[in-house]
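If you read the sequences in order, they're chains H and X.
Take the first sequence: its letter number 53 is residue 53 in full-length UniProt numbering, and every next letter is one higher.
Take the second sequence: its letter number 63 is residue 63 in full-length UniProt numbering, and every next letter is one higher.
Just so you know, even glycine gets a beta-carbon here, dropped at the ideal spot from N, CA and C.
Worksheet for the structure shown next.
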Amino acid sequence: MAFDSFSAFLAMEGHGPYVWTCYAVFVVFVAGMMFWSARRNRAVIEGCKRRFEQQQGTSGQDVRQKASATFTRVEVSQD
Amino acid sequence: MWQFFHKLGSPKWFYGIATRFMPWLLVAGLMLLLAGLVWGLAFAPKDYLQGNSYRIIFIHVPTAFLAQSMYIMMAAAGVVTLVWRMKLADVFVKAVAPVGLVFTFLSLFTGAVWGKPTWGTWWIWDARLTSMLILLFLYGGVIALDRAINDEKSAARAVAVLVLVGVVNIPIIKYSVEWWNTLHQPATLKLTEEPSMPTEMLVPLLLSIAGLYLLFGWLACLRMKTEILVREQRTRWVKDMIMAGGR
Chain H
1 MAFDSFSAFL AMEGHGPYVW TCYAVFVVFV AGMMFWSARR NRAVIEGCKR
51 RFEQQQGTSG QDVRQKASAT FTRVEVSQD
Chain X
1 MWQFFHKLGS PKWFYGIATR FMPWLLVAGL MLLLAGLVWG LAFAPKDYLQ
51 GNSYRIIFIH VPTAFLAQSM YIMMAAAGVV TLVWRMKLAD VFVKAVAPVG
101 LVFTFLSLFT GAVWGKPTWG TWWIWDARLT SMLILLFLYG GVIALDRAIN
151 DEKSAARAVA VLVLVGVVNI PIIKYSVEWW NTLHQPATLK LTEEPSMPTE
201 MLVPLLLSIA GLYLLFGWLA CLRMKTEILV REQRTRWVKD MIMAGGR
């Protein structure tokens, strides 16, 4: 340990506010980006799942056959 | 070789590989980063000149390093997009650009906060800081250009060109501290020379760089998977995989 006490660790001889601000902002941004990316991934998966289930619910096997043969590109919002 | 290249271009193949590697990337990345940061914050000795403010280096250097190497990776992907029209390369650029923006911002922010106690100013228009700010704008430009063009193929090509033009900024960032008389200190880590840092400071720095690199790998895989799903949601393999409960 480079510090004598916990309070000395927090104070960092006056540089505490600078150092801790940096670490806090870093953790918030990195964790936030990880969380947000994971949430969007889950939302896209759920969205696909709901659509596939709907397709299967409306006309069963027919839609499934059709879907397997369609490769058209569709406009999807990137938001 | 060519077979491997073709496989690499297949979104389905990549999706499977990424899913398999992601847990390892996440666990190893978090562990290395945590070890590096705790070591750097609490156990590394203080700098004889800068005191404890230098501890910001353990996040400043990894974020700056990642921001630049991410841009080089994006430029390589841009070449692949233009020459081979490989879809996965464009997926990579699109998935990674926002991460690069955040890392560039973090390196500028931590640099500014470090500058205050060390130089006595938050910001100065010196070559290193200005070229890093340009990198931030380049990342922003890539994201904006991609969103502005609706057609996927045109967007991919335009973004690839912008990324390649912007790559000229990378050597400017790297050598700015040698070409010009900057306030920014020279590079801490050099491939060709002995590091200018004692081992007790160098090891935690390398740990946090490695950890952040792996976390970036995890983020890139996750975001690429999302982008692949959005693009390929009409295909059979996506349907089969999602209905089978795959992630």
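Proximity test, Cβ basis, 8 Å: residue i and chain X
i, result
"PHE35(H)", "no"
"VAL44(H)", "yes"
"ALA31(H)", "no"
"ARG40(H)", "yes"
"VAL63(H)", "Because the pLDDT at VAL63(H) is just 47, under 50, the model does not fix this residue reliably, and the point stays unresolved."
Pair within 8 Å by beta-carbon distance, residue i and residue j
i, j, result
"MET74(X)", "THR104(X)", "no"
"ILE143(X)", "ILE72(X)", "no"
"residue 250(X)", "ILE172(X)", "Lying outside 1 to 247, the shown extent of chain X, residue 250(X) is not represented and no answer is given."
"LEU32(X)", "LEU214(X)", "yes"
"THR226(X)", "ARG157(X)", "no"
"ALA67(X)", "LEU25(X)", "no"
"GLY140(X)", "LEU164(X)", "no"
"LYS87(X)", "GLY16(X)", "no"
"GLU57(X)", "PHE26(H)", "Here residue 57(X) is Ile; the residue named in the question, Glu, does not match the sequence. Going by C-beta atoms, ILE57(X) is not nearer than 8 Å to PHE26(H)."
"ARG20(X)", "LEU41(X)", "no"
"ALA18(X)", "MET201(X)", "no"
"HIS15(H)", "SER107(X)", "no"
"TRP218(X)", "MET22(X)", "yes"
"ALA187(X)", "VAL177(X)", "yes"
"GLN50(X)", "THR118(X)", "yes"
"LEU189(X)", "PRO198(X)", "no"
"PHE29(H)", "ILE242(X)", "no"
"GLY166(X)", "LEU205(X)", "no"
Short CB-CB distance (under 8 Å) between residue i and chain H
i, result
"ALA42(X)", "yes"
"THR226(X)", "yes"
"GLY16(X)", "no"
"ILE149(X)", "no"
"THR19(X)", "no"
"THR121(X)", "no"
"TRP24(X)", "no"
"TRP13(X)", "no"
"ASN52(X)", "yes"
"LYS239(X)", "yes"
"LEU162(X)", "no"
"GLN233(X)", "yes"
"MET243(X)", "yes"
"TRP114(X)", "yes"
"ARG223(X)", "yes"
"VAL110(X)", "The question names Val, but residue 110(X) in the sequence shown is Thr. So, interface residue."
"ARG247(X)", "yes"
"ILE143(X)", "no"
"VAL203(X)", "no"
"ILE209(X)", "no"
"PRO117(X)", "yes"
"ILE56(X)", "yes"
"PRO198(X)", "no"
"ILE59(X)", "yes"
"residue 255(X)", "This structure cannot settle anything about residue 255(X), because the visible part of chain X is limited to 1 through 247."
"LEU136(X)", "no"
"ALA77(X)", "no"
"LEU66(X)", "no"
"VAL230(X)", "yes"
"VAL93(X)", "no"
Nearest-angstrom beta carbon gap, residue j and residue i [assumed within contact, 8 Å]
i, j, result
"GLU232(X)", "PRO11(X)", "6 Å"
"ALA77(X)", "VAL93(X)", "5 Å"
"ALA28(X)", "ALA220(X)", "Contact flag wrong, Cβ pair sits at about 15 Å."
"ALA38(H)", "LEU222(X)", "6 Å"
"ILE228(X)", "VAL79(X)", "Incorrect: roughly 21 Å between the Cβ atoms, too far for contact."
"LYS46(X)", "ALA2(H)", "6 Å"
"VAL159(X)", "VAL44(H)", "Going by Cβ atoms, the distance from VAL159(X) to VAL44(H) rounds to 21 Å, so no, they are not a contact pair."
Could you tell me whether the stretch 9-27 of chain H touches the stretch 112-122 of chain X, using the rule of 3 or more Cβ pairs below 8 Å?
The stretch 9-27 of chain H vs the stretch 112-122 of chain X: in contact.
Within 7 Å of chain B by C-beta, residues of the stretch 13-25 of chain H in sequence order: Among the protein chains of the structure shown, namely H and X, there is no chain B.
Ordered list of alpha helix (DSSP H) runs contained in the stretch 120-181 of chain X, each at least 4 residues: Whole alpha helix (DSSP H) segments, 4+ residues: 127-148, 152-166 and 169-179.
Taking 8 Å as the cut-off, does the stretch 34-52 of chain H touch the stretch 133-153 of chain X (at least 3 CB pairs, one atom from each stretch)? The answer is no - the stretch 34-52 of chain H does not touch the stretch 133-153 of chain X, with fewer than three Cβ pairs under 8 Å.
Which runs of the beta strand (DSSP E), 3 residues or longer, sit entirely within the stretch 45-117 of chain X?
Listed in chain order, nothing qualifies, since the stretch 45-117 of chain X has no complete beta strand (DSSP E) run of 3 or more residues.
Cβ pair count under 8 Å reaching 3, the stretch 122-131 of chain X against the stretch 35-42 of chain X
Contact between the stretch 122-131 of chain X and the stretch 35-42 of chain X is absent, because fewer than three Cβ pairs lie under 8 Å.
In chain order, which continuous runs of the alpha helix (DSSP H) of length 4 or greater are located wholly inside the stretch 5-63 of chain H? Here the runs fully enclosed are 6-11.
- Task: Entirely within the stretch 184-242 of chain X and at least 4 residues each: give me those alpha helix (DSSP H) ranges in chain order.
- Result: Within the stretch 184-242 of chain X, the complete alpha helix (DSSP H) runs of at least 4 residues are 199-232.
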